[in-house]
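Okay, so here's the structure we're looking at.
Protein chains: 2
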Amino acid sequence: MSTGKNQPAETPHEPPAAGRPKPEGRNPEALALANRLHSAAIHLLRRVRKQDVATGEGPARLSALSVLVFGGPKTLGELAAAEQVKPPTMSRIVAGLARSRLVAITADPGDARRMRIRATAKGTRLLHKGRQLRIADLAAHLDSLSPQELAELGASVEILRRLLESWR
Amino acid sequence: MSTGKNQPAETPHEPPAAGRPKPEGRNPEALALANRLHSAAIHLLRRVRKQDVATGEGPARLSALSVLVFGGPKTLGELAAAEQVKPPTMSRIVAGLARSRLVAITADPGDARRMRIRATAKGTRLLHKGRQLRIADLAAHLDSLSPQELAELGASVEILRRLLESWR
DNA sequence: CATATTAGTTAGCATAGCTAACTATAATTT
DNA sequence: AAATTATAGTTAGCTATGCTAACTAATATG
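Line order of the protein sequences matches chains A and B.
According to the numbering used here, the first sequence is numbered sequentially starting from 1.
According to the numbering used here, the second sequence is numbered sequentially starting from 1001.
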């Protein structure tokens, strides 16, 4: 398949990336970093996604399931907001999860319009299995980093996490 | 997600993430980091992707176009390999780009089976515009970080980039 | 009680991923 | 040289995800 026949290094998506400034109205460092961060995220997920399919469910479903497993039961609207998609999209995702018995749906007592969606035991199991597959691959590669690099990366992920949390 | 005013911490996709060991065959730090890294990448891209649609082209097309703009002309097979998708998928992506006149296709002299695909001026223009939109949003948020945090994050992205390069 | 708002669904469109089966060209074998 | 095999892309057809617009049902509000 992918015969590594090309030149040694030619990562696509790696624009200028040089460390040289270039006044652009705002901090040029931030701009260059944004580019590289974006690129890295794209490629990271492309790689990891390959393991996802082994669970038999697509990424959107696994991600929604993850919210339910780690965040507890939610209504459809809450799920849609958490996943940053529109209600019709989440409606279909939940329908798929329900068809596979990975989530269970009950009526909201007190408001018949709402639905309570919760992960079933099967759903929780599958999520953990999927996560293991996904993560194992990534972890295996991270494992080749030095302890310093690991620590650095960990600190950065934390920075990123806080940044994303306050995004809205 | 919903207003984060309920429980203290309830970011979805943020599993155990405990900092304590749990022998799992491999470095548990790497495993925990893999989880958080994966989560951060997912959410980062969800946010950024919203700007993509402003260009009128989907993410797969923009990504392929990016390879052409920064990596020069490619054959369809090369593009597919670079983007880690199968030839039929790339065939359709390229067809879409060609329909919008963002790439131009010429016959390979010497091998009539191959096609040379290159970004047009219009394609290059659109990519840069799209990238600006995408990145500006991200950069604006990165801008709120301290110089140290920026530097740390930058170093980590570099670590990640190298890691991804040697993935296959 | 009439109306407006809110929660979800349905229908219909587009993008993007895949496999299987096909066409056309090039390379290899006999 | 002819037959075979291998390679490059395409076509057809499936699934999954995303959207908007238009709908139904239930709740809230006047």
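Glycine included, each C-beta is placed from N, C-alpha and C at the ideal position.
Here the structure is a predicted model, which is why all the values come from computation and not from measurement.
According to DSSP, is residue i helix, strand or coil?
i: A/Thr106; result: strand
i: B/Ala1112; result: coil
i: A/Lys74; result: strand
i: B/Arg1049; result: helix
i: A/Arg101; result: coil
i: B/Leu1150; result: helix
i: B/Pro1021; result: Only weak support is given to the placement of B/Pro1021: the predicted model assigns it a pLDDT of 37, under 50, and the value that follows is read from those uncertain coordinates. Three-state result, B/Pro1021: coil.
Could you list which residues in chain A have their beta carbon closer than 8 angstroms to that of residue i, in chain order?
i: B/Val1103; result: Near B/Val1103 there are no residues of chain A at all, since even the closest Cβ is about 14 angstroms away, more than 8 angstroms.
i: B/Leu1037; result: Leu44, Leu138, Leu142, Leu153 and Val157
i: B/Arg1047; result: Gln84, Leu164 and Trp167
i: B/Leu1172; result: Absent from the model: residue 1172 of chain B. The displayed extent of chain B is 1001 to 1168, so no value can be given.
Mark residue i as exposed unless 16 or more other C-beta atoms lie within 10 angstroms of its C-beta, in which case mark it buried.
i: A/Ser166; result: exposed
i: B/His1128; result: exposed
i: A/Arg101; result: exposed
i: A/Arg99; result: exposed
i: B/Thr1055; result: buried
i: A/Val48; result: buried
i: A/Ser39; result: buried
i: A/Ala95; result: exposed
i: B/Ala1139; result: buried
i: A/Arg162; result: exposed
i: A/Ala121; result: exposed
i: A/Arg125; result: exposed
Quick one: Cα of residue i to Cα of residue j, how far?
i: B/Thr1089; j: A/Asp108; result: 42 angstroms
i: B/Val1169; j: A/Gly110; result: Residue numbering for chain B in the displayed model covers 1001 to 1168; residue 1169 of chain B lies beyond these limits and cannot be assessed.
i: A/Ser66; j: A/Asp143; result: 24 angstroms
i: A/Gly123; j: A/Val69; result: 8 angstroms
i: B/Leu1076; j: B/Ala1060; result: 14 angstroms
i: A/Glu29; j: B/Glu1152; result: 12 angstroms
i: A/Gly72; j: B/Lys1074; result: 47 angstroms
i: B/Ala1155; j: A/Ala112; result: 51 angstroms
i: A/Ile135; j: A/Leu145; result: 16 angstroms
i: A/Ala81; j: A/Pro87; result: 8 angstroms
i: A/Gln148; j: B/Ala1032; result: 16 angstroms
i: A/Val105; j: B/Val1085; result: According to the sequence shown, residue 105 of chain A is Ile rather than Val. Approximately 36 angstroms, taken between the alpha carbons.
i: B/Arg1114; j: A/Arg114; result: 55 angstroms
Give the interface partners of residue i over in chain A, defined as CB-CB distance under 7 angstroms, in chain order.
i: B/Glu1149; result: Ile159
Among the options, which one has its Cα closest to the Cα of residue i?
i: B/Arg1116; options: B/Ile1135, B/Leu1138 and B/Ser1091; result: B/Ser1091
i: B/Leu1097; options: B/Leu1079, B/Ala1032 and B/Ala1112; result: B/Leu1079
i: A/Ile42; options: B/Ala1064, B/Ala1030 and B/Asn1035; result: B/Ala1064
i: A/Arg195; options: A/Leu44, A/Asn35, A/Ala34 and A/Leu62; result: Since the first residue of chain A shown is 1 and the last is 168, residue 195 of chain A is not available in this structure.
i: A/Asp137; options: A/Lys50, A/Pro147 and A/Gln148; result: A/Lys50
i: B/Glu1083; options: A/Ala151, A/Leu45 and A/Leu33; result: A/Leu45
i: A/Ile159; options: B/Ala1121, B/Ala1032, B/Val1085 and B/Leu1150; result: B/Leu1150
i: A/Val103; options: A/Leu31, A/Ala119 and A/Arg113; result: A/Ala119
i: B/Asp1052; options: B/Ala1081, B/Leu1133 and B/Val1085; result: B/Leu1133
i: B/Ile1093; options: B/Ala1032, B/Gln1148 and B/Glu1057; result: B/Glu1057
i: B/Leu1164; options: A/Ala32, A/Leu37 and A/Leu33; result: A/Leu37
i: A/Asn35; options: B/His1141, B/Gln1148 and B/Pro1147; result: B/His1141
At 7 angstroms on the CB atoms, spell out the chain B contacts of residue i, in chain order.
i: A/Ala41; result: Ala1041, Leu1044 and Leu1045
i: A/Arg134; result: His1038
i: A/Ser100; result: Here the premise fails: no neighbours, minimum Cβ distance about 20 angstroms.
Could you check whether the Cβ of residue i sits closer than 7 angstroms to any heavy atom belonging to the ligand GDP?
i: A/Leu160; result: With respect to the ligand GDP, the structure shown offers nothing to examine, as it has no ligands at all.
Please list, in chain order, the chain B residues whose beta carbon lies closer than 9 angstroms to that of residue i.
i: A/Ser91; result: Per Cβ cutoff of 9 angstroms: no residues; A/Ser91 is ~17 angstroms from chain B at best.
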